[in-house]
Amino acid sequence: MSVQALVTTVNFRLRRKPPTDEREPAPAPDGDSEQALVAEFVRAYESGDLEALIALLTDDVFVSMPPIPLEYEGRDVVARLFGGIFRSGRRVDLVPTRANGQPAFGAYLRASTGIRHGTGFFVLTLTGDRICAFTRFDNSVLPWFGLPRSLPGSVSR
0 MSVQALVTTV NFRLRRKPPT DEREPAPAPD GDSEQALVAE FVRAYESGDL
50 EALIALLTDD VFVSMPPIPL EYEGRDVVAR LFGGIFRSGR RVDLVPTRAN
100 GQPAFGAYLR ASTGIRHGTG FFVLTLTGDR ICAFTRFDNS VLPWFGLPRS
150 LPGSVSR
């Protein structure tokens with residue numbers, strides 16, 4: 000994807016979202032509240048705990064995957080999306096970083112080969128003590144954030 004296509008997609012998405020003044024402010028970056036919310040997200044996502052993950056989302060949570068034109072809005076719709084992902088049995092390890100000041104993660108698929116391959120890049124948008132948006136980018140952006148395309152070894156959970 001070209002940088003211009005990514006910028007165009009992001010600008011389009013931002014125009015569609017409600018103004019941030021209608022939401023509670025995000026917790027302070029790297030503050031205790033943000034760290035607790037992010038830790039619970041990582042635990043829920045890595046373990047495939049759908050109930051715990053959905054409990055972290057706002058009622059109007061918005062999930063997008065640019066440049067794919069699919070969007071999911073609302074807790075029930077997003078629950079079905081992640082339910083399908085978790086039912087597949089695929090599990091990932093999340094490696095934390097930040098993107099535009101927001102919590103972000105490289106997602107690495109656990110494989111029996113011992114090598115974990117990057118499958119995507121997730122960015123969370125927080126409001127109060129909840130996640131109001133989840134944006135998934137293709138794994139091609141991992142190096143932009145200093146993350147490798149694959150990780151050695153496997154993690155037992």
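FYI, the numbering for the sequence shown is 0 to 156, going by numbering that gives the first Met the number 0. Glycine included, C-beta positions come from ideal geometry on N, C-alpha and C. As the structure is a computational prediction, the values presented were derived from the model and not from experiment.
Backbone CA spacing between residue i and residue j [nearest angstrom]
i	j	result
Arg135	Gln34	20 angstroms
Arg90	Leu108	6 angstroms
Leu36	Ser139	27 angstroms
Arg42	Asp92	10 angstroms
Pro68	Ala132	16 angstroms
Gly100	Val94	16 angstroms
Ala38	Leu52	11 angstroms
Thr96	Leu150	15 angstroms
Arg14	Pro24	The predicted model places Arg14 with a pLDDT of 48, which falls under 50 and marks its position as unreliable; any figure quoted below should be read in that light. So the two alpha carbons sit approximately 19 angstroms from each other.
Tyr71	Asp137	17 angstroms
Pro28	Arg79	30 angstroms
Trp143	Ala98	10 angstroms
Leu56	Val122	14 angstroms
Asp75	Ala54	11 angstroms
Environment of residue i [buried if 16+ CB atoms lie within 10 Å]
i	result
Gly145	exposed
Arg115	buried
Gly105	buried
Ile130	buried
Gly30	exposed
Arg148	exposed
Gly117	buried
6 angstroms CB neighbourhood of residue i in its chain, flanking five on each side removed
i	result
Gly82	Leu49
Arg22	Thr126
Close beta carbons around residue i, own chain, < 7 angstroms, minus the five adjacent residues each side
i	result
Ala32	Checking the displayed sequence, the identity of residue 32 turns out to be Ser instead of Ala. For Ser32, where only same-chain residues beyond five positions count, the Cβ hits under 7 angstroms are Pro26 and Asp128.
Met64	Arg135
Ala110	His116
Residues that DSSP places opposite residue i in a beta bridge
i	result
Pro66	Answer is none; Pro66 lacks a bridge partner.
Glu72	Phe61
Asp92	Tyr107
Thr134	Ser63 and Val122
Among the options, the one whose alpha carbon lies nearest that of residue i
i	options	result
Thr112	Asp59, Glu45, Gly152 and Thr57	Gly152
Pro66	Gly119, Ser46 and Gly73	Gly119
Thr124	Val76, Glu39, Ala103 and Pro142	Ala103
Ser87	Leu56, Gly47 and Val76	Gly47
Phe61	Leu55, Ala98, Ala51 and Val77	Val77
Ile84	Glu45, Pro28 and Thr96	Glu45
Chain-order list of residues whose beta-carbon lies under 8 angstroms from that of residue i (same chain, five-residue window excluded)
i	result
Leu141	Gly105, Gly117, Phe120, Pro147 and Arg148
Gly73	Asp58, Asp59 and Val60
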